[in-house]
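2 protein chains.
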Amino acid sequence: MEQAKRRRGSTLEEAIVEAAWNELREAGYAKATMNGIARRAGTSKHVLYRRWKSQPELFLAALKRFAATVEVPDTGDVRDDLVALLGRIRQVFDLLPRDLISGLITDTQDDPALFEEMRAYVMGAGVHDITRVILRRAADRGQIEPGPPCARIVRLPIDLLRNEYLMSRGPLPAGTVTEIIDDVVMPLLRPAARR
Amino acid sequence: MEQAKRRRGSTLEEAIVEAAWNELREAGYAKATMNGIARRAGTSKHVLYRRWKSQPELFLAALKRFAATVEVPDTGDVRDDLVALLGRIRQVFDLLPRDLISGLITDTQDDPALFEEMRAYVMGAGVHDITRVILRRAADRGQIEPGPPCARIVRLPIDLLRNEYLMSRGPLPAGTVTEIIDDVVMPLLRPAARR
DNA sequence: ACGATAAGGAACCGTTGGGTCCTTATACGC
DNA sequence: GCGTATAAGGACCCAACGGTTCCTTATCGT
């Protein structure tokens, strides 16, 4: 019944992070407990606190392990690329415990280093790179103005989607993505188009 | 020493909400406690729970009481109006306990009605109205394209500022406002301008 | 003047994050 | 193969929290 062997090091660590993720998924951020995670991982709190110095630190580790991969869409059209990208990110959001991000923002507030780590992950430089690739390709095709776009424009689509996500409860309606792209992002990209 | 009289009804209620606000300001959302608020208001938890059925509900009441007034700027120029508006909202943000909004988002997640109340207040229809007035005036002056702008555009400035606020710690740098307006909002408003 | 209402105040409950202590299994240097 | 440093497992403790209950006593409406 009991596991014959005692796990150690990275094997154990991996098991704990996975247990934390499961706890977060099933209980949500607000109700997830260290005891629950320890029980789930078949270990004790002692072992948890040896590795992570606080609860939000472990939760952030669990989030980072989740590491969803987002590919660079390449449909041949800027608009469709952006819609595909945001659509994919929307899917990723839907897999997250609903209060994880806001909970981490709240609970890392008094730990600058941890907050920065969270912010870096959530604001995801990776996604910005993807957006930049999409825009560069579009510029090469002559669909948008040439030259590298300013940082704000690159961040814009993801910032708007994240804002929508944080300020809502259930899953985001699909229309949100196309609305953001068609009403805000695309009009900004087209050099001298109407509306 | 002790107050001779026993407060009741709205007098007491007002005192409690104010105590809650002070507690939030001094301790922050994460560390504010019901006991602390009761002590501060010179009453007991019993009285608190008679009026608000949970902690986040009281916190939201305290936030709503805060009710900062935002006037409609009228400088004669769209850009300056928008900069003034966002600048004012930035000031309001700076008066808020740093983790209040994210904390409320997290802790109202399992109470749909309360979440909606929070969302309605934070997304503030009032600010959208102000933006609409600014844009209409600008259209009248011929500074931007005529006709009512779509809802997304109206929300855009505030959404971007709120996103910046939620995803950061200390007070927002002043440059944030002008960046949002000049890099994103204004290029969208000018009918056929460059960049 | 009196009775319903509600304030003040205390004690209580279950649970949490965090920590201590002791036993015991494991990995590694010899 | 053996012994020792290391760390896992697990029980227990702690202060503090949100929320609840109960009792006493002041206030208000009638």
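Those sequence lines, one after another, are chains A and B.
Quick note on full-length UniProt numbering: the first sequence kicks off at 1 and runs consecutively.
Quick note on full-length UniProt numbering: the second sequence kicks off at 1 and runs consecutively.
All C-beta atoms, glycine included, are put in the ideal place defined by N, C-alpha and C.
As the structure is a computational prediction, the values presented were derived from the model and not from experiment.
Inset, instruction - Output yes or no for whether 8 angstroms exceeds the beta carbon distance between TRP52 of chain A and ALA38 of chain A. - result: Residue mapping note: residue 52 of chain A aligns to position 52 of the first sequence, counting from 1. Residue mapping note: residue 38 of chain A aligns to position 38 of the first sequence, counting from 1. For TRP52 of chain A and ALA38 of chain A, no; Cβs fall outside 8 angstroms.
Legend entry - Cα-Cα separation between PRO97 of chain B and LEU24 of chain B, rounded to whole angstroms: Taking the first residue of the second sequence as position 1, residue 97 of chain B is located at position 97. Taking the first residue of the second sequence as position 1, residue 24 of chain B is located at position 24. Taking the Cα positions, PRO97 of chain B is about 6 angstroms away from LEU24 of chain B.
Inset, instruction - Would you check if the segment 141-150 of chain A and the segment 166-174 of chain B touch, i.e. whether three or more CB-CB distances between them fall below 8 angstroms? - result: Judged by pairs of C-beta atoms under 8 angstroms, the segment 166-174 of chain B does not touch the segment 141-150 of chain A, as fewer than three such pairs exist.
Inset, instruction - Step through the CB atoms of chain A and report whether any lies within less than 8 angstroms of the CB of LEU160 of chain B. - result: Position 160 of the second sequence holds residue 160 of chain B. Interface criterion met: the Cβ of LEU160 of chain B is under 8 angstroms from a Cβ in chain A.
Legend entry - Whether VAL184 of chain A touches LEU188 of chain B by CB criterion (8 angstroms): Counting from one through the first sequence, the residue named residue 184 of chain A turns up at place 184. Counting from one through the second sequence, the residue named residue 188 of chain B turns up at place 188. Less than 8 angstroms separates the beta-carbon of VAL184 of chain A from that of LEU188 of chain B.
Inset, instruction - Output yes if chain B places a C-beta closer than 8 angstroms to the C-beta of GLU2 of chain A; else output no. - result: Residue numbering aside, residue 2 of chain A sits at position 2 when the first sequence is read from its first letter. Residue confidence is low: GLU2 of chain A scores 41 on pLDDT, short of 50, so the model does not pin down where it sits. Its coordinate-derived value is still stated next. No, GLU2 of chain A lies away from the interface with chain B (no Cβ there is under 8 angstroms from its Cβ).
Inset, instruction - Give a yes or no on whether 8 angstroms exceeds the smallest Cβ distance from LEU63 of chain B to chain A. - result: By one-based count along the second sequence, residue 63 of chain B stands at place 63. Cβ-Cβ to chain A under 8 angstroms: no for LEU63 of chain B.
Inset, instruction - Tell me, please, whether the segment 126-139 of chain B touches the segment 149-157 of chain B by the rule of three or more beta-carbon pairs shorter than 8 angstroms. - result: Contact holds: three or more Cβ-Cβ distances are below 8 angstroms.
Inset, instruction - Let me know if SER102 of chain A comes out buried or exposed under the rule of 16 or more other beta-carbons within 10 Å of its beta-carbon. - result: For this step, residue 102 of chain A is matched to residue 102 along the first sequence. Here SER102 of chain A is buried, its C-beta having at least 16 other C-beta atoms within 10 Å.
Inset, instruction - Take every Cβ of the segment 62-78 of chain A, pair it with every Cβ of the segment 16-33 of chain A, and state whether three or more of those distances are shorter than 8 angstroms. - result: Touching, yes, given that three or more Cβ pairs across the two stretches are closer than 8 angstroms.
Inset, instruction - Report the residues of the segment 6-18 of chain A with a CB closer than 8 angstroms to any CB of chain B, ordered along the chain. - result: Result list empty, no residue passes.
Inset, instruction - From the DSSP output, in three-state form, read off PRO173 of chain B for me. - result: Your numbering for residue 173 of chain B matches position 173 in the second sequence. Three-state DSSP puts PRO173 of chain B in coil, outside helix and strand.
Legend entry - Cβ-Cβ separation, LEU82 of chain A to THR43 of chain A (assumed contact under 8 angstroms), whole Å: Start at 1 with the first residue of the first sequence, and residue 43 of chain A comes out as number 43. Start at 1 with the first residue of the first sequence, and residue 82 of chain A comes out as number 82. Wrong, their Cβ atoms sit about 44 angstroms apart, outside the cutoff.
Inset, instruction - Please confirm if THR131 of chain B has its CB atom under 8 angstroms from at least one CB of chain A. - result: As a position in the second sequence, residue 131 of chain B is number 131, starting the count at 1. Not one chain A Cβ lies under 8 angstroms of THR131 of chain B.
Inset, instruction - Establish whether the CB of ILE89 of chain B and some CB of chain A are separated by less than 8 angstroms. - result: Along the second sequence, one-based indexing puts residue 89 of chain B at 89. Not closer than 8 angstroms to any Cβ of chain A, the Cβ of ILE89 of chain B fails to qualify, so no.
Legend entry - Inter-residue Cα distance where the pair is ILE180 of chain B and LEU161 of chain B: Position 180 of the second sequence holds residue 180 of chain B. Position 161 of the second sequence holds residue 161 of chain B. Taking the straight line from one Cα to the other gives about 8 angstroms.
Legend entry - Beta-carbon proximity list for THR178 of chain B, same chain, < 7 angstroms, skipping 5 on both sides: Against the second sequence, residue 178 of chain B aligns to sequence position 178. Answer for THR178 of chain B: VAL83, listed in chain order.
Inset, instruction - Within its chain, find whatever has a CB closer than 7 angstroms to the CB of THR75 of chain B; leave out the 5 residues flanking it on each side and keep chain order. - result: As a working note, residue 75 of chain B is residue 75 in the second sequence. Annotation for THR75 of chain B: ASP81, ALA84 place their beta carbon closer than 7 angstroms to its own, counting only its chain and skipping 5 residues before and after.
Inset, instruction - Using a Cβ-Cβ cut-off of less than 8 angstroms, list which residues of the segment 97-115 of chain A approach chain B; keep chain order. - result: If you check each beta-carbon in the segment 97-115 of chain A against every beta-carbon of chain B, the ones closer than 8 angstroms belong to ARG98, ASP99, SER102, GLY103, ILE105, THR106, ASP107, GLN109, ASP110, PRO112, PHE115.
Inset, instruction - List the endpoints of the continuous alpha helix (DSSP H) containing SER54 of chain B. - result: As a working note, residue 54 of chain B is residue 54 in the second sequence. Neither: SER54 of chain B is in no alpha helix (DSSP H) and is coded neither H nor E.
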